[in-house]
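Numbering (this note's numbering), first residue to last: 8 to 487. C-beta atoms are modelled at their ideal positions from N, C-alpha and C, and glycine is treated no differently. Let me begin by presenting the structure, written as structure tokens, before commenting on it.
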């Protein structure tokens, strides 16, 4: 029988067993690769008898729902072939995304970081990072059988790794080790959650289940993470799709000033939590070039204005807007105000009728935010928002920063939502140290936030009281 027909029979057997028929083709591809045979060059040839018999034995296991990685004895992860057996969980594609995110963090924030992979299983995450970065990685796991597999993988890949046996962070603490990056993909399936039989029947339960709520191991790690993390460190978790808010809330409890991000995977499911203990850079006000550099590079910097401190973020990046919401813990229904440097810049963003133009010319720059009708194609990521709040600071230093960054800035007050607004750099640090990238040292010009008026409709609506009163606007318009 020629190879093509054997594969077709294999696909039919998989379909009848309720298994993905692609496994039949992939199994044959791997068995031939092991013999140095290119499958697609021999599709019309008769198959070697020994290979055929091996294929049928392994196909039977596949049709019984045994994971293909266990049938083959190996699995590909981030381009590396790793040994796997029932002592270890088979690495998932989503975990490759975790490695990519960590590499991006390292590229942005770290030079030669010290890395630990906790609950390492087959060693997949640590091995991929060790190879990609050509660096030393420490890993730990409670299972001696899993560590044997991980050590074999490290040896076969010539990866620079050392392994410790123990429960979560315990061996790391016992050896008095400290790290810049702590990675943990712990068991996170809820104890009574129904899962695929191919997973439940074959993969190690010790690597699957995370207690009644799926949070058990995250609690264990977060309770002691401060003992092993260096200043400015990063904790990177993979999580279950339905426990993101739970893990995020745990992280806030233990690291209230950290930059905590809940990130979705390729399937748009909550899958990762990153807890970054940023070192907030403290910048003298006369070092404007450093402030401009940080903002241009997508960082968040607290700056003094003519009212209170604000969090400056460039406005041309949707992900930065989302990050700013997370830093401030801002509800979705409360948009951010924009700071512009000139009337010309303002005109590119909003519709200005005669009344609006009069108010702008009379009160901007100054301690007032006006809500205008947004132009249709401005900020497409705010497509559900028809208005835009804009302010122009009466402060040449702020105007110069915006001009040199080259785009308007989102500039909400420098505080967590519902918390007091910061008017000094120290007050800002008290709330946001570690959450933002930089703060300009000093004191804001005033202690009061700007007045906010909605002028997008027929009447003027006062949304927040401040230095400029509604009566002042009304009297001006009566005289104008």
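In DSSP terms, what residue i is bridged to
i	result
residue 168	144
residue 479	Answer is none; residue 479 lacks a bridge partner.
residue 471	459
residue 420	317
residue 53	9
residue 243	190, 281
residue 225	Per DSSP, none; premise fails for residue 225.
residue 182	For residue 182, which the question treats as bridged, DSSP gives no partner whatsoever.
residue 376	398, 459
residue 358	380
residue 149	Answer is none; residue 149 lacks a bridge partner.
residue 298	Answer is none; residue 298 lacks a bridge partner.
residue 309	318, 446
residue 271	277
residue 288	445
6 Å CB neighbourhood of residue i in its chain, flanking five on each side removed
i	result
residue 468	461
residue 243	109, 190, 281
residue 17	31, 66
residue 24	70
residue 188	120, 122, 241
residue 88	81
residue 376	344, 396, 398, 457, 459
residue 225	254, 257
residue 373	401
Alpha-carbon spacing of residue i relative to residue j, whole angstroms
i	j	result
residue 323	residue 234	39 Å
residue 365	residue 237	54 Å
residue 213	residue 94	Reliability of the predicted coordinates at residue 213 is poor, the pLDDT of 48 falling under 50, and the value obtained from them is presented with this limitation in mind. Their Cα atoms are separated by approximately 9 Å.
residue 459	residue 398	9 Å
residue 123	residue 427	38 Å
residue 351	residue 413	13 Å
residue 157	residue 180	21 Å
residue 38	residue 247	33 Å
residue 345	residue 267	24 Å
residue 207	residue 137	Annotation note: pLDDT 46 at residue 207 (below 50); position unreliable, coordinate value reported separately. Residue 207 and residue 137: Cα-Cα distance of roughly 30 Å.
residue 57	residue 10	13 Å
residue 470	residue 387	25 Å
residue 400	residue 173	56 Å
residue 20	residue 131	32 Å
residue 54	residue 28	20 Å
residue 371	residue 231	51 Å
residue 490	residue 353	Here the chain covers residues 8 to 487 and nothing more, so residue 490 does not appear.
residue 383	residue 161	55 Å
residue 277	residue 342	23 Å
residue 379	residue 142	53 Å
residue 269	residue 332	12 Å
residue 294	residue 424	29 Å
residue 185	residue 144	12 Å
residue 42	residue 35	11 Å
residue 439	residue 306	14 Å
residue 435	residue 429	5 Å
Contacts around residue i, its chain only, beta-carbon distance under 7 Å, and the 5 residues preceding and following it disregarded
i	result
residue 227	175
residue 159	90
residue 61	38
residue 139	110
Residue-chain proximity (residue i, chain C), Cβ-Cβ < 8 Å
i	result
residue 229	Absent from the structure: chain C. Only one protein chain is present.
Same chain, Cβ closer than 8 Å to residue i, neighbours up to 5 away in sequence not counted
i	result
residue 286	238, 239, 441
residue 447	290, 291, 292, 298, 308, 309, 310, 311, 432
residue 112	188, 241, 243, 281, 283
residue 26	69, 70, 72
residue 178	147, 171, 172
residue 40	46
Any non-hydrogen atom of the ligand FAD within 7 Å of residue i CB
i	result
residue 445	This structure lacks the ligand FAD; in fact it carries no ligand of any kind.
Cβ contact check for the segment 305-319 and the segment 419-431: 3 or more pairs under 8 Å: yes
Segment contact, 8 Å Cβ cut-off, at least three pairs: the segment 104-122 with the segment 161-172: no
Tell me, please, whether the segment 448-456 touches the segment 302-316 by the rule of three or more beta-carbon pairs shorter than 8 Å. yes
With contact counted as at least three CB pairs below 8 Å, one residue from each stretch, are the segment 323-338 and the segment 464-483 in contact? no
Spell out a yes or no on whether the segment 267-286 and the segment 99-113 are touching, meaning 3 or more CB-CB pairs, one atom from each, closer than 8 Å. Judged by Cβ distances under 8 Å, the segment 267-286 makes contact with the segment 99-113, as three or more pairs qualify.
Please give the ranges of any alpha helix (DSSP H) in the segment 378-413, keeping only runs that are unbroken, at least 4 residues long and fully inside the region. Secondary structure in the segment 378-413: the alpha helix (DSSP H) runs of 4 residues or longer, each lying completely within the stretch, are 403-412 in chain order.
Note down, one range per segment and in chain order, each beta strand (DSSP E) of at least 3 residues found wholly within the segment 58-146. 81-84, 87-90, 122-125
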